[in-house]
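See structure below.
Protein chains: 2
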Amino acid sequence: MSTAAPRTPLADRSPAELASFVDEQRAAYAALTARGLSLDLTRGKPSPEQLDLAEALLHLPEGHLDRAGTDVRNYGGLQGLPELREMFADLLGVDPDQVVAGGNASLTMMHEVLVDHLLHGGLGSPRPWREEEKVTFICPVPGYDRHYTMLESYGIEMVTVPMREDGPDVEAVEALVKDDPSVKGMWIVPTYANPVGSVVTQEVAARLAAMPAAAPDFRLFWDNAYALHHLTEDEAKSADILSLASAAGNPHRPVVFASTSKITFAGAGVAFLAGSRETVQWYLSHLKFASIGPDKVNQLRHVQFFGSPDGVRQHMARHRAILAPKFAAVDAALTAELDGLGVAEWTRPRGGYFVSVDVPDGCASRVVQLAREAGIALTPAGASFPHGVDPRDRNIRLAPSFPSLAEVETAMAGVATCVALAAAEQLLADVG
Amino acid sequence: MSTAAPRTPLADRSPAELASFVDEQRAAYAALTARGLSLDLTRGKPSPEQLDLAEALLHLPEGHLDRAGTDVRNYGGLQGLPELREMFADLLGVDPDQVVAGGNASLTMMHEVLVDHLLHGGLGSPRPWREEEKVTFICPVPGYDRHYTMLESYGIEMVTVPMREDGPDVEAVEALVKDDPSVKGMWIVPTYANPVGSVVTQEVAARLAAMPAAAPDFRLFWDNAYALHHLTEDEAKSADILSLASAAGNPHRPVVFASTSKITFAGAGVAFLAGSRETVQWYLSHLKFASIGPDKVNQLRHVQFFGSPDGVRQHMARHRAILAPKFAAVDAALTAELDGLGVAEWTRPRGGYFVSVDVPDGCASRVVQLAREAGIALTPAGASFPHGVDPRDRNIRLAPSFPSLAEVETAMAGVATCVALAAAEQLLADVG
Chain Z
1 MSTAAPRTPL ADRSPAELAS FVDEQRAAYA ALTARGLSLD LTRGKPSPEQ
51 LDLAEALLHL PEGHLDRAGT DVRNYGGLQG LPELREMFAD LLGVDPDQVV
101 AGGNASLTMM HEVLVDHLLH GGLGSPRPWR EEEKVTFICP VPGYDRHYTM
151 LESYGIEMVT VPMREDGPDV EAVEALVKDD PSVKGMWIVP TYANPVGSVV
201 TQEVAARLAA MPAAAPDFRL FWDNAYALHH LTEDEAKSAD ILSLASAAGN
251 PHRPVVFAST SKITFAGAGV AFLAGSRETV QWYLSHLKFA SIGPDKVNQL
301 RHVQFFGSPD GVRQHMARHR AILAPKFAAV DAALTAELDG LGVAEWTRPR
351 GGYFVSVDVP DGCASRVVQL AREAGIALTP AGASFPHGVD PRDRNIRLAP
401 SFPSLAEVET AMAGVATCVA LAAAEQLLAD VG
Chain W
433 MSTAAPRTPL ADRSPAELAS FVDEQRAAYA ALTARGLSLD LTRGKPSPEQ
483 LDLAEALLHL PEGHLDRAGT DVRNYGGLQG LPELREMFAD LLGVDPDQVV
533 AGGNASLTMM HEVLVDHLLH GGLGSPRPWR EEEKVTFICP VPGYDRHYTM
583 LESYGIEMVT VPMREDGPDV EAVEALVKDD PSVKGMWIVP TYANPVGSVV
633 TQEVAARLAA MPAAAPDFRL FWDNAYALHH LTEDEAKSAD ILSLASAAGN
683 PHRPVVFAST SKITFAGAGV AFLAGSRETV QWYLSHLKFA SIGPDKVNQL
733 RHVQFFGSPD GVRQHMARHR AILAPKFAAV DAALTAELDG LGVAEWTRPR
783 GGYFVSVDVP DGCASRVVQL AREAGIALTP AGASFPHGVD PRDRNIRLAP
833 SFPSLAEVET AMAGVATCVA LAAAEQLLAD VG
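If you read the protein sequences in the order shown, they are chains Z and W.
Taking this note's numbering, the leading residue of the first sequence gets 1, the next gets one more, and so forth.
Taking this note's numbering, the leading residue of the second sequence gets 433, the next gets one more, and so forth.
Shown next as C-alpha cells:
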C-alpha cells in the first residue's frame with residue numbers, strides 16, 4: 001500500500017476532483033504507452049520455468065514395458081495404462097476402473113463425450129441428442145471460453161447462472177433442470193474455477209448430484225482442470241461428485257475430466273476421464289471405433305516421472321512456488337493503485353490459473369483497449385461468457401502464469417492504470 | 433518345393449484318392465494339434481524387433497524448441513510442427529500447407545473427418561450428412577475391418593466392389609457414384625492394400641479422381657497406411673491423388689491419411705492428414721473446438737529421429753529386412769503344402785502387412801476353426817468384409833509381422849495343413 005490514509009471512492013468525489021484524477025491517470029497512461037511494452041496476460045499457459053520442472057520427462061521412459069510386461073510401444077490398451085490410471089484414480093478419489101487415461105487433451109475427451117451424446121445418445125437417453133428439437137446447457141458465468149465455443153459449434157443453446165464463491169448458483173440450476181427436458185448438460189469447473197477461482201462446496205456438489213432433472217440423461221461435465229493446482233497451503237479438496245451422484249441415485253450424471261496439461265507439459269501431457277463404470281464402458285464402446293489405444297509410451301513416461309500420487313503432489317508444490325508470487329504481484333498492483341477507489345473488485349484465488357476483475361459496468365472493453373494500445377495484451381472482454389458477450393461489460397480475466405514475475409509486475413501496474421483511467425473517464429462523462 | 437512332379441488337383445482325384453488324401457491330412461492335423469501350439473497371426477502389428485529399430489525415440493527430443501524457437505512443451509500449433517509436416521509432405525508428394533500432423537492415430541483423424549461430415553457437412557455439402565435420408569459408402573472388398581466397423585457404428589450403408597490388382601473395380605465404382613447422391617464416400621487403401629496387397633494404378637486413380645459423382649461432396653477416404661512399407665526393391669509409387677483430383681476439377685474429393693504407426697511405434701507415432709488447402713482449413717476449423725494442439729514433443733522427437741525424408745526411407749529399409757523373410761516364409765509354406773492342389777490362391781505382396789488367401793467357397797470359417805483348435809489364431813473369416821460377412825466364406829487374412837520368423841514358419845505349415853484338410857473334406861463330402 002502506497003498510501004496510509006484510505007482513499008475517497010471516485011463516486012464520492014466532486015467533478016473538479018474527478019477531473020484532476022483523470023488528468024493524473026492520463027499522464028500515467030501516457031508514461032505507460034511511452035515505455036513501448038509488449039506483454040501478454042491472455043492465456044492460462046504454464047511458463048517455461050514451470051515446464052522445466054518436468055524436463056526429465058524428455059528422456060523417459062526407461063525401457064518400454066509396463067508393470068504387466070506389455071510392450072507400450074505397440075497397439076492396444078484402449079482404457080490406458082493401468083498403473084497411471086491407479087495413480088490418478090488415487091488423486092481424483094475414484095477407483096481405477098472408473099478412469100480412462102487418454103491422449104494429450106481433456107478438451108478432446110469432453111468433445112468426444114459431447115459428440116457421442118449427439119450422435120448416439122448417452123446412458124438413459126431416449127434418443128441421440130441430435131434428434132432432440134433443442135439441447136440446452138447451463139453455463140455458470142464467468143467461465144471457460146472453450147466450453148462455450150464447443151457448444152456453439154453444434155448450435156447448442158446456453159443459459160447462464162452466476163458463479164459464486166461456493167460454486168454455481170445452485171437454486172437457479174435446480175429451477176432450470178427441474179421441468180425442462182431440453183436441459184441436457186451443464187459445464188462446471190469445480191475447483192479453482194476459470195476465471196473466478198471459486199470452489200464448489202460439498203453442499204453445492206451434493207445438490208447438483210441429487211437435484212431432480214427432467215432429462216433422464218442430464219450430464220454434469222465436471223471439468224476438474226485445476227484439482228491439484230493449489231496456490232496456498234489451504235488446499236481445497238474437490239467434492240467427490242461421483243460418490244455423491246451414486247448415493248443420490250444418479251450415478252451416470254457426472255463425467256469428470258482432468259489432465260496433466262498444467263502439471264507436466266501443456267501440449268504433451270495425459271488427459272483423464274472418470275465416471276461410473278457404466279459411463280466408462282459407454283465411452284469406450286464408442287471410442288473403439290476411432291482409436292486402437294492412447295500413447296502408452298507417454299503414459300509410462302508419466303508413471304516413471306511421478307513414481308506415486310505423492311510424487312504428483314510434490315511436483316505441484318514446485319509449481320506453487322513459481323506461481324504464488326505472480327498471483328501476489330497481481331493483487332499487490334491492483335491494491336496499490338485501486339484500493340478504496342470503488343472501481344474494481346478482484347479475486348484472490350487459492351488455486352488455479354486466473355484472476356477475475358470486475359470493473360464498473362460498461363468499462364471492461366475500454367480497459368482491454370487501453371491496455372492493448374499500451375502494449376499489454378489482455379483476454380478480450382466478454383471471453384468468459386457464452387458467445388463472447390458479457391452483458392454488463394464489466395469482467396476481465398487475467399492470466400499471470402506465463403510471463404515472468406517482473407513482467408507481471410510491470411503489466412499489472414499498467415492494467416491498474418487502465419482501470420483507473422477508464423472508470424474515472426466514464427464517471428466524469430456521467431457527471432459532465 | 434518338396435515334390436518334383438506336379439500334384440494332381442484335388443478336384444481331379446477319384447473318391448478313393450481323395451479319401452486317402454483326407455486320411456493323410458487328418459494324421460498331419462492330429463500331429464499338429466498334439467504340439468500344443470499357441471501362435472497368433474491375427475493383427476497387423478509390428479514385431480518387437482521392428483519396434484526396437486526406433487528405440488532411440490525413447491530418449492528424444494534433445495531440447496524442447498522447434499526450428500522457429502517455439503517451445504514444443506506448451507499449448508498451440510493446431511496444424512502440427514512445420515518441420516515434421518515438411519518431411520512427410522515430401523514423402524506424400526504434397527505441399528506442407530496441405531498437411532496436418534496430429535496425434536497417435538490416423539484412425540482418429542478418419543473418424544474426425546467422418547463425424548465432421550455427419551454433424552457439419554463438408555466442402556460442397558448441401559447439408560450435414562446426418563440430415564440426409566441415407567448415406568452410402570463404397571467399400572472395396574476384401575478390405576480393412578476398422579473402416580467398416582466405423583461406418584457401421586453410425587448406421588452408414590456399405591456397398592461393396594471387388595478389389596483387384598490395379599485397385600478397386602473402377603467401372604463398378606463409376607456406376608455407383610454416377611446417379612446416386614446418397615453415395616457420399618469411399619474407402620480405399622491405395623498402396624499395398626489391406627489385405628490383398630494391391631496398388632491403385634495411376635490410371636485407376638485418375639478415374640477415381642475424375643469420375644462424375646451425383647453427390648457434390650463425394651469423398652475418397654484415401655488411407656495410405658502402407659505408402660512406404662515396401663517388401664521388395666520394386667517399390668510402388670502411390671498415385672498423386674490430390675493433384676489428379678485437382679486437375680480434374682474435384683480438388684476436395686480426396687482426404688489422404690497416413691501415419692508412422694508402422695514406421696516408429698504403433699501406439700506412439702504421429703498421424704497425418706492431407707488434402708486441398710481448403711480441406712485442411714475445413715478440418716482445422718472443426719478441430720479447434722476439440723484441441724489446442726497435438727503432442728508437439730512427440731512430433732519433435734520424430735523430426736530429430738529421422739532427420740530427413742531420406743532418413744524415413746532408410747528406416748523403412750530396415751523394416752523390410754525384418755519383414756520380407758516372414759512374407760517369404762508364408763509363401764514357402766503355402767507353396768510346399770498346397771501348390772498344384774487347386775484349393776487355394778494367395779497373394780505375394782510387394783508391400784504392406786498382409787497375405788490374403790482364397791480357399792474354396794464355404795471353407796474359410798472351417799480353416800479358421802481348425803487352426804484355432806490347433807492353437808493358431810487367425811483373423812475371423814469374414815473380417816475383411818462389411819458386417820464381418822464374406823458372402824462366399826472363402827477369404828482368410830494372414831498377418832505374419834508380429835510373430836518371429838520361426839513362429840511364422842511353424843504357424844504357416846499348420847495353416848496349410850488346415851486348408852488342405854478343410855478343402856479335401858468338403859470335396860469328399862460333395863462326391864460322397
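Ideal placement from N, C-alpha and C gives every residue a C-beta, glycine not left out.
- Task: Check whether the region 235-243 of chain Z touches the region 204-217 of chain Z, taking contact to mean three or more Cβ pairs, one atom from each stretch, closer than 8 Å.
- Result: yes
- Query: Is the beta carbon of Arg73 (chain Z) sitting closer than 7 Å to the one on Phe697 (chain W)?
  - Reply: yes
- Buried or exposed: where does Gln511 (chain W) fall if 16 or more other Cβ atoms within 10 Å of its Cβ makes it buried? buried
- Item | 6 Å CB neighbourhood of Met433 (chain W) in its chain, flanking five on each side removed | Reliability of the predicted coordinates at Met433 (chain W) is poor, the pLDDT of 43 falling under 50, and no value is obtained from them.
- C-alpha gap between Leu114 (chain Z) and Arg277 (chain Z), whole angstroms: 18 Å
- Message: Against chain W, with Cβ distances strictly below 7 Å, would Leu51 (chain Z) count as a contact?
- Response: yes
- Message: Excluding the 5 residues flanking Met519 (chain W) on each side, which residues of the same chain have their C-beta closer than 6 Å to its C-beta?
- Response: Pro741
- For Arg562 (chain W), which residues in chain Z fall below 8 Å Cβ to Cβ? Leu119 and Arg130
- Query: Per DSSP, which one or two residues make a beta bridge with His230 (chain Z)?
  - Reply: Z:Gly351
- Which residues in the same chain have their Cβ closer than 6 Å to the Cβ of Gly820 (chain W), if we skip the five residues on either side of it in sequence? Gly814
- Task: Return the residue from the list W:Glu841, W:Asp527 and W:Lys758 that minimises the CA-CA distance to Glu769 (chain W).
- Result: W:Glu841
- Item | Between the CA atoms of Ala756 (chain W) and Leu497 (chain W) - distance to the nearest angstrom | 38 Å
- Given a cut-off of 7 Å, decide if Ile828 (chain W) and Val789 (chain W) are closer than it, judged by their beta-carbon atoms. yes
- Item | Spatially closest choice to Glu174 (chain Z) from Z:Val189, Z:Tyr154 and Z:Ala214, by CA coordinates | Z:Ala214
- Cβ-Cβ distance between Ala364 (chain Z) and Asp331 (chain Z) below 7 Å: no
- Task: Might you give, ordered along the chain, the residues of its own chain that have their beta carbon closer than 8 Å to the beta carbon of Pro823 (chain W), omitting 5 neighbours on each side?
- Result: Phe817
- Message: Please state whether the Cβ-Cβ distance between Leu231 (chain Z) and Arg350 (chain Z) is less than 7 Å.
- Response: yes
- Item | Cut-off 7 Å between Cβ atoms - residues of its own chain near Leu51 (chain Z), not counting five sequence neighbours on either side | Phe265
- Query: Hey, would you say Leu473 (chain W) sits closer than 7 Å to Ala831 (chain W), going by beta carbons?
  - Reply: yes
- Query: Helix, strand or coil for Arg313 (chain Z) per DSSP?
  - Reply: helix
- Query: Glu456 (chain W) to Cys850 (chain W), Cα distance in whole Å?
  - Reply: 12 Å
- Can you have a look at Pro6 (chain Z) and say buried or exposed, based on whether 16 or more other CB atoms are within 10 angstroms of its CB? exposed
- Item | Proximal chain Z residues relative to Gly501 (chain W), where beta-carbon distance stays under 9 Å | What Gly501 (chain W) touches in chain Z: nothing, since even the nearest Cβ is about 12 Å away.
- Task: Counting only the same chain and skipping the five closest in sequence on each side, list residues whose C-beta sits under 6 Å from that of His751 (chain W).
- Result: Gln482
- Query: Hey, does Met433 (chain W) have any beta-carbon neighbour from chain Z nearer than 7 Å?
  - Reply: Low confidence applies here, because Met433 (chain W) scores a pLDDT of 43, under 50, leaving its location unreliable; read the following figure in that light. No, no contact with chain Z.
- Cβ-based burial, Val628 (chain W) [other Cβ within 10 Å; buried from 16]: buried
- Looking at the C-beta of Arg219 (chain Z), does it have a partner C-beta in chain W at a distance below 7 Å? no
- Enclosing beta strand (DSSP E) for Asn827 (chain W) [first to last residue]: Asn827 to Leu830
- Query: Do you know offhand how far Leu123 (chain Z)'s Cα is from Asn250 (chain Z)'s?
  - Reply: 11 Å
- Item | Local Cβ density within 10 Å of Glu112 (chain Z), reported as buried at 16 or more and exposed below that | buried
- Item | Contact set between Met150 (chain Z) and chain W, taken where Cβ atoms lie within less than 9 Å | Phe721 and Ala722
- Item | Cα-Cα separation, Thr592 (chain W) to Val200 (chain Z) | 54 Å
- According to a CB-to-CB cut-off of less than 9 Å, which residues of the region 751-784 of chain W neighbour chain Z? none
- Query: Helix, strand or coil: how does DSSP classify Lys184 (chain Z) here?
  - Reply: strand
- Task: Return the CA-CA distance between Leu450 (chain W) and Gly846 (chain W), expressed in angstroms with no decimal places.
- Result: 20 Å
- Task: Would you kindly work out how many angstroms separate the C-alpha atoms of Leu524 (chain W) and Thr335 (chain Z), rounded to a whole number?
- Result: 58 Å
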